[in-house]
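Chains Z and C, in that order, give the protein sequences. So the first sequence is residues 0 to 336, counted in numbering that gives the first Met the number 0. So the second sequence is residues 0 to 441, counted in numbering that gives the first Met the number 0. Before any comments, here is the structure.
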Amino acid sequence: MQDFLNGFMLLSNFLIVPATAYGSQLAMGALGVTLVYGILRFSNFAHGDTMAFGTMVVILVTALFQKMGLSIEPLPTALLAIPFGIAATTVMVLLSDRLVYRHQRKVRAAPVVFLISSIGLMFVLNGLVRFIIGTGDQRFGDGERFIIRFGEFKELTGLDEGIAFKTSQGLTIVTAIIVVAALFWFLERTRAGKSMRAYSDNEDLALLSGISPERVVMITWIISATLATIAGTLYGLDKGFKPFTYFQLLLPIFAAAIVGGLGNPLGAIAGGFVIAFSEVTVTYAYKKLLTYWLPESWAPEGLVQLLSTDYKFAVSFVILVLVLLFRPTGIFAGKSV
Amino acid sequence: MTLSKQQAPLAFAFMAMALIMVGIFQSWSLSLTILNYCLIASIMALGLNIQWGYAGLFNVGLMGFAALGGIAAVLVGMKPVPEAWALGGVGIGAGLLVTLGTIFLAITAYRRLPKGYVRGWGMGAIIVLGYFLARYFFDPATNQIESVNPAQTGFLGGLGLPIIFSWGVGGVLAAGVAWVIGKVTLGLRSDYLAIATLGISEIIIAVLKNEEWLTRGVKNVNGIPRPMPYEYDLQQQLWAQEWAAWFGADLQDFTSIYVKLCSAGLALVMLGVLYWLSQTAIKSPWGRMMRAIRDNETAALAMGKHVTGRHLQVFILGSAVVGIAGAMMTSFDGQFTPTTYNPLRFTFLVWVMVIVGGSGNNLGSIVGGFLIWFFWVEAEPMGYALLNLLTSGMADDSPLRAHLLDSAAHMRLITMGLILLVTIRFRPRGLLPEQSKQARSH
Chain Z
0 MQDFLNGFML LSNFLIVPAT AYGSQLAMGA LGVTLVYGIL RFSNFAHGDT MAFGTMVVIL
60 VTALFQKMGL SIEPLPTALL AIPFGIAATT VMVLLSDRLV YRHQRKVRAA PVVFLISSIG
120 LMFVLNGLVR FIIGTGDQRF GDGERFIIRF GEFKELTGLD EGIAFKTSQG LTIVTAIIVV
180 AALFWFLERT RAGKSMRAYS DNEDLALLSG ISPERVVMIT WIISATLATI AGTLYGLDKG
240 FKPFTYFQLL LPIFAAAIVG GLGNPLGAIA GGFVIAFSEV TVTYAYKKLL TYWLPESWAP
300 EGLVQLLSTD YKFAVSFVIL VLVLLFRPTG IFAGKSV
Chain C
0 MTLSKQQAPL AFAFMAMALI MVGIFQSWSL SLTILNYCLI ASIMALGLNI QWGYAGLFNV
60 GLMGFAALGG IAAVLVGMKP VPEAWALGGV GIGAGLLVTL GTIFLAITAY RRLPKGYVRG
120 WGMGAIIVLG YFLARYFFDP ATNQIESVNP AQTGFLGGLG LPIIFSWGVG GVLAAGVAWV
180 IGKVTLGLRS DYLAIATLGI SEIIIAVLKN EEWLTRGVKN VNGIPRPMPY EYDLQQQLWA
240 QEWAAWFGAD LQDFTSIYVK LCSAGLALVM LGVLYWLSQT AIKSPWGRMM RAIRDNETAA
300 LAMGKHVTGR HLQVFILGSA VVGIAGAMMT SFDGQFTPTT YNPLRFTFLV WVMVIVGGSG
360 NNLGSIVGGF LIWFFWVEAE PMGYALLNLL TSGMADDSPL RAHLLDSAAH MRLITMGLIL
420 LVTIRFRPRG LLPEQSKQAR SH
């Protein structure tokens, strides 16, 4: 029994908790992608760099606050800076919509033209972020690092294995729940949210009912910018900020959105967790767990790692392909344009 | 579109001028280096144009195909490492056999078994068992190979053949992988194809970085033979010394420029051949069919065209061209460094080339390749000069000024993005639009 519990603690520490936090981050990223897809009907390749932009602003404001001596111990100061990040990202996104996408909407360009435009924006944002903050790693988390420390937990329970629950992980999960609840309340209950869903369902019918398309588009961008900034900041608190990593997040985020069904918010959340859990389970080394759970003579020699962590992209990809082959519109039916 | 008939020579004249300017103001050696990379970039753009311009396939996995070309240069050009083969050859061979057997069995099971749970679980079981069996052979073998003189070799080496063969091998390798990806993803919608290709290119790079027994991974492979003569050898030659004296040039400068001219000549021949081939293809009935499929898939389907089959064909052809370009680049550089493969530089930049040049127009892709590569290289000194000018009012030790000047390198990303955005906004069909009676729908 002791061994079983030890194994279980090990599993939660290295698998369940990190995967849940990572899944929440992916889900929030994928929600932004999926909403833009549902309303504007294109895959926004600039989303990863929008996240990087928002996080960059948060990091800069955090640094400013730290200099001013502002803090909300034991929580990280970055939380205070998030609203500023959201504001800056919203301005940036609305400006880019005005300069880039509005013209394409006016000439009713094909979705792929929007996609190519978003690649152009991706270049600009990527360059801008590197230009301002550089390419290096940034650690901007402060305050109490752990909710539960490894040692404390061990003492408390008398087990050999403990759980170290990082503040960033706890924050991620709590924030994700609040944000997602607020988003769904907005989409289901408010007039603006309803008009968004109507527009996404049937554009012509929505226009006929007097819904202003520009307003819907604006709200979509604001939500997408907000989600991107929050997701980016939480990811950065958890794993550190590096512009290139954020660019690479594009792949798991899109995989999550597509697996769940592009254009479907519920699907994006499910997809985020599917991708995160598969990535972590497949790349986790099970050696120690098996020494707890198996009889001693069966103890494995190797690391018992299915796939090295360097291949985590492969996991997103394989799941993506499998889902697309067997359910081409994703787990929850997405829309096809 | 008679206009573009005059525009093409104009564009090339402009590019020649630009390269000459670099030659005069910076150095001729740099100018020729830029020219070489421009030629390779043009070939890559040609490859993408075959996929996107002819058929409307959204491939954002070019980096992966270019890297496959790069590994072809290693596998063809490097000398084999006999100790490594002796230690791990059998294990690797057995592992490969098991992998192939697993794939074969899984496909057989898929074909033979009735649809349902039995098939799903059966295939799953075959794949899982095959995976572990293959790992059983691979793992010890790779460890042994990597332990052979790790500072120098630590990998299997290549075939030791003349490096020029690698260009063809790179094309074939890329084509093979494209076939597999195409088989799986081409039935899907365009957005899905984009994400799938983005994913596969990251996977290819991850494999090249981590499978040290094959590629030395992040330890890089240096000293890949080049198709051109070596500067040092040339300097020993009497004729080179005489020529250098005749030009009144330094012997080292002369040989370096001579070598670069050689590679430019090789690349030019390659570009010419590939351009002629693609031009012939697009003018043929096959090319008209491709455009018909691109412009109206449903109508083409109704006319009895095998749309997915044609898409697969064009996906393979385009990827092969990108693979050739990747092999050329690695063989010119003489080294294979997996960490340099960056999607912005190897995938999205090529997209900028094709869009700016004019999708669907081969000449346009070549112009785009030249232009964009030129600006990609020159944006850094230009950005530096611009920032230097803008910040000249600040004190020399101002931290802001130092930061801005340090970050000048990132100006190139912003420049590329702006070029792409301006093109798609004001000239969506590119500098040299597609020449056909029917304008594209967008």
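C-beta atoms are modelled at their ideal positions from N, C-alpha and C, and glycine is treated no differently.
Asked, Found
"Let me see if you follow: with CB-CB separation under 8 Å, is E433 of chain C close to chain Z or not?", "no"
"On the three-state DSSP scale, how would you describe P8 of chain C?", "helix"
"Can you list the beta strand (DSSP E) stretches of 3 or more residues lying completely in the segment 169-207 of chain C, in chain order?", "none"
"So L343 of chain C contacts chain Z; which residues on that side make the cut at Cβ distance below 8 Å?", "F122, N125, F246"
"Which class does L431 of chain C belong to by DSSP, given the choice of helix, strand or coil?", "coil"
"Taking the alpha-carbon positions, what's the Y234 of chain Z to Q168 of chain Z distance?", "9 Å"
"Rounded to whole angstroms, what is the Cα-Cα separation between V421 of chain C and V168 of chain C?", "38 Å"
"Could you tell me which residues DSSP puts in a beta bridge with Q304 of chain Z?", "Z:A284"
"Under a CB-based cut-off of 8 Å, is D2 of chain Z close to chain C?", "no"
"Helix, strand or coil for N361 of chain C per DSSP?", "helix"
"Using a Cβ cut-off of 7 Å, which residues of the segment 195-206 of chain C contact any Cβ in chain Z, in chain order?", "A195, L197, G198, I199, E201, I202, A205"
"Determine the extent of the beta strand (DSSP E) in which F145 of chain Z is found, giving its start and end residues.", "145-147"
"Where does V349 of chain C sit, in a helix, a strand or coil, going by DSSP?", "helix"
"Tell me the rounded alpha-carbon separation between T244 of chain Z and Q5 of chain C.", "45 Å"
"Could you pull the start and end residues of the alpha helix (DSSP H) that G126 of chain Z belongs to?", "110-132"
"For a quick check, are the C-beta atoms of G198 of chain C and N209 of chain C less than 8 Å apart?", "no"
"What's the gap between the Cα of L158 of chain C and the Cα of A83 of chain C?", "13 Å"
"For a cutoff of 8 Å on Cβ pairs, would you count S335 of chain Z as touching chain C?", "Residue confidence for S335 of chain Z is low, a pLDDT of 47 falling below 50, so the modelled location carries little weight; the figure read from the coordinates is stated next. With 8 Å as the cut-off, S335 of chain Z counts as an interface residue toward chain C."
"Do G69 of chain C and T297 of chain C have their beta-carbon atoms positioned less than 8 Å apart in this structure?", "no"
"Contact criterion: CB-CB distance below 8 Å. Does D190 of chain C meet it with respect to chain Z?", "yes"
"Just verifying my parser: in three-state terms, what is the DSSP assignment at M43 of chain C?", "helix"
"Are at least three pairs of beta-carbons, each pair with one atom in the segment 305-318 of chain Z and one in the segment 327-347 of chain C, less than 8 Å apart?", "no"
"Helix, strand or coil: how does DSSP classify V220 of chain C here?", "strand"
"Given that S406 of chain C touches chain Z, what residues does it touch there, using C-beta distances under 8 Å?", "R129, F130, I131, G133"
"Using a C-beta cutoff of 8 Å, does W350 of chain C count as contacting chain Z?", "yes"
"Taking the CB atoms as reference points, tell me whether G222 of chain C and G333 of chain C lie closer together than 8 Å.", "yes"
"Looking at chain Z, which residues of the segment 355-387 of chain C have a Cβ within less than 7 Å of any of its Cβ atoms?", "none"
"Which one or two residues does DSSP pair with F335 of chain C in a beta bridge?", "C:V220"
"Compare the beta carbon distance of V73 of chain C and V220 of chain C with 8 Å and say whether it is the shorter of the two.", "yes"
"Show which residues of chain C have a CB atom less than 7 Å away from the CB atom of S116 of chain Z.", "L420, I423"
"Determine whether the beta carbon atoms of K282 of chain C and G156 of chain C lie at a separation below 8 Å.", "no"
"Output the residue ranges of the alpha helix (DSSP H) runs that lie fully inside the segment 228-255 of chain Z and measure 4 residues or longer, sorted by chain position.", "242-247"
"Under a three-way DSSP split, which group does K165 of chain Z fall into?", "strand"
"Can you have a look at G357 of chain C and say buried or exposed, based on whether 16 or more other CB atoms are within 10 angstroms of its CB?", "buried"
"Quick test of your reading: G368 of chain C and A40 of chain C, contact by CB under 8 Å. State the CB separation rounded to the nearest angstrom.", "4 Å"
"Are the CB atoms of I252 of chain Z and G47 of chain Z within a distance shorter than 8 Å?", "yes"
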